[in-house]
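Undergrad: Pasting a structure here, questions to come.
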Amino acid sequence: MSAGCVRWVLSHTVRAVCGGSPRYWIPSSRYLTYSERSNIIAGSWRWFPFSTAADDTEQTPAPNKKKQDPRAHATISSVGRKIPQRLIQVISETGENLGTMHRSDVIRIMDEQDLKLVLLSEHKDPPVYRLMSGKQIHEEQLKLREKQKAKAAPVLVKELTFSSGIASHDLTTKLKQVENWLEKKHHVRITLRSGRGEHAVNLDTTLEQIVQQMEVMVGFVSRPKVVREGRAAMCILRPPSAKELSQKEKNPTSQSLDSISKSTQSNTSR
Numbered sequence: 001m002s003a004g005c006v007r008w009v010l011s012h013t014v015r016a017v018c019g020g021s022p023r024y025w026i027p028s029s030r031y032l033t034y035s036e037r038s039n040i041i042a043g044s045w046r047w048f049p050f051s052t053a054a055d056d057t058e059q060t061p062a063p064n065k066k067k068q069d070p071r072a073h074a075t076i077s078s079v080g081r082k083i084p085q086r087l088i089q090v091i092s093e094t095g096e097n098l099g100t101m102h103r104s105d106v107i108r109i110m111d112e113q114d115l116k117l118v119l120l121s122e123h124k125d126p127p128v129y130r131l132m133s134g135k136q137i138h139e140e141q142l143k144l145r146e147k148q149k150a151k152a153a154p155v156l157v158k159e160l161t162f163s164s165g166i167a168s169h170d171l172t173t174k175l176k177q178v179e180n181w182l183e184k185k186h187h188v189r190i191t192l193r194s195g196r197g198e199h200a201v202n203l204d205t206t207l208e209q210i211v212q213q214m215e216v217m218v219g220f221v222s223r224p225k226v227v228r229e230g231r232a233a234m235c236i237l238r239p240p241s242a243k244e245l246s247q248k249e250k251n252p253t254s255q256s257l258d259s260i261s262k263s264t265q266s267n268t269s270r
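Each residue of the sequence shown is one higher than the one before, starting from 1 at the first, in full-length UniProt numbering.
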């Protein structure tokens, strides 16, 4: 009897404390498991409070950086007398491979021949250098600048069409216009058509002779050639490159020969 009373008192006491009926009681083992899970979740929330930075970092792929060629040099310049490597591969001024040399021997050649040393490839074993004169370095720098300008700005192509029977003063006006376009670094497409009722003969040769009458030096993207089933000739002119200008300065006789050919052609046309 006393044991039953004690059990009844305990049950009512627990019910009063928990505020519920016995059917809502949770066994101690299940309560411990639930509390452990709650602690784990709460712990994870404490590490990442209201933030998705960690997930974004993992899911966002790193941008692919363009690999640059380590052998590519943006500029061409002399390294001076301070050569960091003891042994280097040397290319002569004329492009001949001199093989592997000690830096002291290279410096001696530089002093004797008044040459400068330019690094070509530092990632080879041994690194490759070239002996060059100051003038050669200057010409290579001009070439590099010209290539960079060509890549930076798109080329504008102008077009000009006239017939083979064009009058002399009209032709002079047309050629002046071509020269102005070339000075602005444009390309010029010239098309020479056969005159009305004329038989098209050697239009490409005639077009080349017309180009030679220009007072400025020009370069060719495409040389005069026959098009439209022989009824026309076409060529594309461009401004001369730095190399072509330097070659013209080296050979002033070529300019005199051009002037002689122009005068001969003008006399023939008369």
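Glycine included, C-beta positions come from ideal geometry on N, C-alpha and C.
Using a threshold of 8 Å, state whether the C-beta atoms of Ile83 and Ile137 are closer than that.
TA: No. Outside cutoff.
Undergrad: Grab me the residues of Glu139's own chain with a C-beta within less than 8 Å of its C-beta, minus the 5 sequence neighbours each way, in chain order.
TA: Only Ala242, Lys243 and Ser246 meet the Cβ criterion.
Undergrad: Excluding the 5 residues preceding and the 5 following Arg193 in the sequence, name in chain order all residues of the same chain whose CB lies nearer than 6 Å to its CB.
TA: Excluding residues within five positions, the ones whose Cβ falls inside 6 Å are Ser163 and Ala232.
Undergrad: Return yes when the Cβ of Arg238 is within less than 8 Å of the Cβ of Gly219, no when it is not.
TA: Yes, the Cβ-Cβ distance between Gly219 and Arg238 is below 8 Å.
Undergrad: Quick one: what does DSSP say Lys176 is sitting in, helix, strand or coil?
TA: The answer is helix: DSSP assigns Lys176 an H, G or I state.
Undergrad: To which residues does DSSP link Lys233 through a beta bridge?
TA: It is Ala, not Lys, that sits at residue 233 in the sequence shown. Bridge partners of Ala233: Leu192 and Val226.
Undergrad: Closer than 8 Å is the cut-off here; do at least three beta carbon pairs connect the stretch 96-103 with the stretch 140-149?
TA: At 8 Å Cβ cutoff, the stretches do not touch.
Undergrad: Let me check understanding here. Comparing Cα to Cα, which of Leu117, Thr161, Arg108 and Gly80 lies closest to Val90?
TA: Comparing Cα-Cα distances from Val90 to each of Leu117, Thr161, Arg108 and Gly80, the minimum goes to Leu117.
Undergrad: In angstroms with no decimal places, state the Cα-to-Cα distance between Ser78 and His187.
TA: Going by the C-alpha atoms only, they are around 35 Å apart.
Undergrad: Could you give the DSSP three-state label for Pro22: helix, strand or coil?
TA: Legend: pLDDT at Pro22 = 48, less than 50; position of this residue unreliable, no value from coordinates given.
Undergrad: Identify every residue that forms a DSSP beta bridge with His149.
TA: The amino acid occupying residue 149 in the given sequence is Lys; His does not appear at that position. Bridge partners of Lys149: none, in fact.
Undergrad: DSSP has Glu159 in a bridge; who is on the other side?
TA: Paired residues: Arg189.
Undergrad: What first and last residue would you give for the beta strand (DSSP E) that runs through Lys82?
TA: Per DSSP, Lys82 belongs to no beta strand (DSSP E) and is neither H nor E.
Undergrad: Whose C-alpha, out of Met217, Pro240 and Val227, is nearest the C-alpha of Thr205?
TA: Here the closest residue by C-alpha is Val227.
Undergrad: Look at the Cβ atom of Glu183, then the Cβ atom of Glu215, and state whether they are nearer than 8 Å.
TA: Their beta carbons are not under 8 Å apart, which means Glu183 does not touch Glu215 by this criterion.
Undergrad: Measuring CA to CA, which of Leu87, Pro240, Gly195 and Leu207 is closest to Pro126?
TA: Selected option, being the one with the closest Cα: Leu87.
Undergrad: In this structure, does DSSP put Ile109 in helix, strand or coil?
TA: Ile109 falls in the helix class under three-state DSSP.
Undergrad: How many angstroms separate the CA atom of Asn251 from the CA atom of Glu93?
TA: Taking the straight line joining both Cα atoms gives about 21 Å.
Undergrad: Please return the same chain residues whose Cβ sits closer than 8 Å to the Cβ of Gln85, not counting the five positions on each side in sequence.
TA: Correct list, in chain order: Arg103, Pro126 and Pro127.
Undergrad: Under DSSP, the alpha helix (DSSP H) around Ile210 begins and ends at which residues?
TA: From DSSP, the alpha helix (DSSP H) with Ile210 extends over Leu203 to Gln212.
Undergrad: With DSSP as the reference, identify every bridge partner of His102, one or two as the case may be.
TA: For His102, which the question treats as bridged, DSSP gives the partners Leu87.
Undergrad: For residue 287, does the three-state DSSP call read helix, strand or coil?
TA: Because the chain here runs from 1 to 270, residue 287 falls outside it and cannot be looked at.
Undergrad: On the DSSP bridge list, what partners appear for Ser78?
TA: Bridge partners of Ser78: Val118.
Undergrad: For Lys135, which residues in the same chain have their Cβ closer than 8 Å to its Cβ, ignoring the five residues on either side in sequence?
TA: Contacts found: none.
Undergrad: Could you name the residues that DSSP lists as bridge partners for Gly219?
TA: Beta-bridge pairing links Gly219 to Arg238.
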